[in-house]
Amino acid sequence: MAVYENLVETFVELIRRASTQLPDDVVSALEKGKAEEQKTGLAEKALGTILENVELARSISAPICQDTGTPVVWIHHPVGVSTRALAAQFHEAVRTATERKFLRPNAVDTLTGRNTGTGAGRGIPFLHFEEWDEPRVEVRMILKGGGSENVGAQYKLPDSRLKAGRDLEGVRRAVLDAVFEAQGKGCAPGVLGVCVGGDRVSAFEMSKRQLLRPIVDTNPIPELAELEERLLREGNQLGVGPMGFGGKTTLLAVKIGVLDRLPACYFVTVTYMCWADRKAAVSIDEGGEVTWLS
Amino acid sequence: MAELKLPVSEEEIRKLKVGDFVELSGRMITGRDTAHHWLMQDVREDVMPYMKDTVIYHCGPVVAKNDDGSYDFVAAGPTTSIREEPYQADVIGRYGLRGVIGKGGMGAKTLAGLAEHGAVYLHAIGGAAQVLARAIPKVERVFMLDEFGVPEAMWVIEVDRFPVVVSMDSHGGSLHDEVEGESKRRLEELLK
Ligand code: SF4
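Chains as they are written, first to last, in our numbering: chain A, 631 to 924; chain B, -6 to 185.
Below, the structure is given as structure tokens:
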């Protein structure tokens, strides 16, 4: 389908938006956090600087943070669209966006230590494809920063140190431990993407997919909705605060997905997304019409 | 909010306490992994004057080169400091630094080094690349650009009201230890 062979510039624009414009739902959550902090305290100042930075980046169309992260991308496509052609175009878009400085050259050859210089590399960007029945291509992307990626964690239940069994109470204990261990190091306040179940690969993918959800929404599974709310409240009670300076705003949201598991395994997988929770989405229909979804 | 002029004396630095918010103005230098390693391999006489009584910023900037050969910092947020833990206290002592800027805090060896030499750890706002780049109006010169590459090179910069929080002081105080200790207590409460 010819309309899907001419998408490089659309993908570059998707990357530009994600890198330079923090989504409104994230900005609102940061503003709400700032309003709740003690006036002129360190937490309030940190959030003030963050919000000022977000505003400035948007106004000059420059990256919000110099670590422009890994593009992690989910693409839905109709029957018959070549995923190889889409992947090639996305790779080209990453190289172009890097040239235009919307992305930093962020891919390092692990064996030689040399930067590839193009922003792309083995496994970067990370693309997921799914076929669907709708007559359009939908692309959703996050830019996942490295400092926050370093504080992600995967727990194997039961965990005797945490007295965490194989149930939602065990999940709760593991997630709170992850928030404590992260302190401010993942550029708090963060958004948690959590996966309950799955294996060591599928679970991390699912935990990242949770980050596509709006900051304020309700999990369709009632017990997970309840756990999300509770973990957000309790995570913030830890008092880590923005940047780990202490304060009420440690987490902006907690999102939990679920996968089935093997009888032998019970993983709780936590992806920590920094306050620079960069995401963007676009839909391209059969006629080539482009609709920005964020 | 206090303004702190660089270079700065030991006496001024010892007045700073954990939790103080300060704005830095004057000259400082950047350096991260490669630079710290290199600084400890030998005594680097040429950079010494640019480090004495000022601070080192853990930052891998995005830099634009202008037509006249000068440079501008385009994005300049802090990077994670703990990677320099093996070197930091010795670098402070050898080069007479009065402080370190980074994010995430540092460990016991650095904390002891700060007390011994009269220096502080200053926490910048992680991710605030644009606000911080704006506070760096001038790039004065650069060391080891060809050898280390842009992010790892040592950039001598002029800063203007660069916002930081004192998170480790020269009296053994650490905001990171305080916050971690308190959050641990609350975690145990929640997991009872
Ligand atoms: S953790 Fe996020 S905000 Fe912090 S430096 Fe990395 S990408 Fe930027």
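Glycine residues also receive a C-beta, built at the ideal position from the N, C-alpha and C atoms.
Where the beta strand (DSSP E) through residue i begins and ends
{"i": "A/Q784", "result": "A783 to K786"}
{"i": "B/D65", "result": "Y64 to A68"}
{"i": "A/F875", "result": "From DSSP, A/F875 is part of no beta strand (DSSP E); its letter is neither H nor E."}
{"i": "A/F897", "result": "F897 to M903"}
{"i": "A/S913", "result": "R908 to D915"}
{"i": "B/D153", "result": "M147 to M161"}
{"i": "B/Y50", "result": "V48 to Y50"}
{"i": "A/V703", "result": "T700 to H707"}
{"i": "A/H758", "result": "F756 to E761"}
Selection from the options that minimises the alpha carbon distance to residue i
{"i": "B/Y88", "options": "B/L168, B/V157, B/S160 and B/L32", "result": "B/L32"}
{"i": "B/L184", "options": "A/E811, A/L792, A/M836 and A/L857", "result": "A/L792"}
{"i": "A/V826", "options": "A/G820, A/G865, A/K786 and A/G814", "result": "A/K786"}
{"i": "B/D65", "options": "B/G92, B/L138, B/G106 and B/E133", "result": "B/E133"}
{"i": "B/I118", "options": "A/R860, A/G678, A/P850 and A/G917", "result": "A/G678"}
{"i": "A/D880", "options": "A/C895, A/Y902 and A/Y896", "result": "The residue asked about is misnamed: residue 880 of chain A is Thr in this sequence, not Asp. For the residues A/C895, A/Y902 and A/Y896, the minimum Cα distance to A/T880 belongs to A/Y902."}
{"i": "A/C895", "options": "A/A833, A/A687 and A/V724", "result": "A/A833"}
{"i": "B/I75", "options": "A/V724, A/S691, A/N780 and A/L757", "result": "A/N780"}
{"i": "B/V56", "options": "B/G98, B/M147, B/T73 and B/E171", "result": "B/M147"}
{"i": "A/I645", "options": "A/G887, A/A804, A/T670 and A/R770", "result": "A/R770"}
{"i": "A/L685", "options": "A/I886, A/L652 and A/T713", "result": "Before going further, note that residue 685 of chain A is Glu rather than Leu in the sequence given. It is A/L652 whose Cα lies nearest to the Cα of A/E685."}
{"i": "A/P755", "options": "A/W762, A/T746, A/N866 and A/E761", "result": "A/T746"}
{"i": "A/G776", "options": "A/E682, A/C817, A/E643 and A/E811", "result": "A/C817"}
{"i": "A/L806", "options": "A/T848, A/E859 and A/D829", "result": "A/E859"}
Residue i CB to nearest heavy atom of the ligand SF4 below 7 Å
{"i": "A/A665", "result": "no"}
{"i": "A/S778", "result": "yes"}
{"i": "A/C695", "result": "yes"}
{"i": "A/W905", "result": "yes"}
{"i": "A/G874", "result": "no"}
{"i": "A/C817", "result": "yes"}
{"i": "A/G749", "result": "no"}
{"i": "B/G119", "result": "yes"}
{"i": "B/G95", "result": "no"}
{"i": "B/G53", "result": "no"}
{"i": "A/G782", "result": "no"}
{"i": "B/G70", "result": "yes"}
{"i": "A/G775", "result": "yes"}
{"i": "A/G823", "result": "no"}
Range covered by the alpha helix (DSSP H) that runs through residue i
{"i": "A/D655", "result": "D654 to E666"}
{"i": "A/L798", "result": "L798 to A812"}
{"i": "A/S832", "result": "S832 to R839"}
{"i": "B/I22", "result": "Here B/I22 belongs to no alpha helix (DSSP H); instead the beta strand (DSSP E) covers F14 to T23."}
{"i": "A/T679", "result": "L672 to I690"}
{"i": "B/T72", "result": "B/T72 -> no alpha helix (DSSP H), and no H or E assigned at all."}
{"i": "A/R734", "result": "Here A/R734 belongs to no alpha helix (DSSP H), and DSSP marks it neither H nor E."}
Under 8 Å between C-beta atoms of residue i and residue j
{"i": "B/L168", "j": "B/G19", "result": "no"}
{"i": "B/D153", "j": "B/A126", "result": "no"}
{"i": "B/L17", "j": "B/F136", "result": "no"}
{"i": "A/S790", "j": "A/G820", "result": "no"}
{"i": "B/F141", "j": "B/A28", "result": "yes"}
{"i": "B/T23", "j": "B/P54", "result": "yes"}
{"i": "A/H707", "j": "A/F641", "result": "no"}
{"i": "A/A687", "j": "A/V724", "result": "no"}
{"i": "A/A883", "j": "A/I851", "result": "no"}
{"i": "A/N802", "j": "A/L857", "result": "Looking at the sequence shown, residue 802 of chain A is not Asn but Arg. Cβ distance < 8 Å, so A/R802 and A/L857 count as in contact."}
{"i": "A/I914", "j": "A/L637", "result": "yes"}
{"i": "B/Y114", "j": "B/V93", "result": "yes"}
{"i": "A/A804", "j": "A/V898", "result": "yes"}
Sequence-distant residues of its chain with Cβ nearer than 8 Å to residue i (five each side left out)
{"i": "A/G680", "result": "For the sequence presented, residue 680 of chain A should be read as Ile rather than Gly. So the qualifying residues of the chain are L660, P872 and W905."}
{"i": "A/S649", "result": "P693, I694, T698, A727, F732, L733, L773 and R908"}
{"i": "B/G86", "result": "G106, E109 and H110"}
{"i": "A/P788", "result": "A794, G795, R796, G800 and Y896"}
{"i": "B/E151", "result": "G19, R20, I129, P130, K131, V132 and E133"}
Contacts around residue i, its chain only, beta-carbon distance under 6 Å, and the 5 residues preceding and following it disregarded
{"i": "A/A783", "result": "A808 and V900"}
{"i": "A/E916", "result": "P765"}
{"i": "B/V158", "result": "F14 and H116"}
{"i": "B/A(-5)", "result": "V15"}
{"i": "A/G823", "result": "S837, K838, Q840, L841, K885 and T901"}
Own chain, CB closer than 7 Å to residue i, minus 5 neighbours either side, in chain order
{"i": "A/E667", "result": "A673, E674, L677, G877, K878 and T879"}
{"i": "A/G918", "result": "V633"}
{"i": "B/G97", "result": "T73, S74 and I75"}
{"i": "B/A122", "result": "A68, A69 and G70"}
Closer than 7 Å: residue i CB and nearest the ligand ZN heavy atom
{"i": "A/G877", "result": "Among the ligands in the structure shown, the ligand ZN does not appear; only the ligand SF4 can be found there."}
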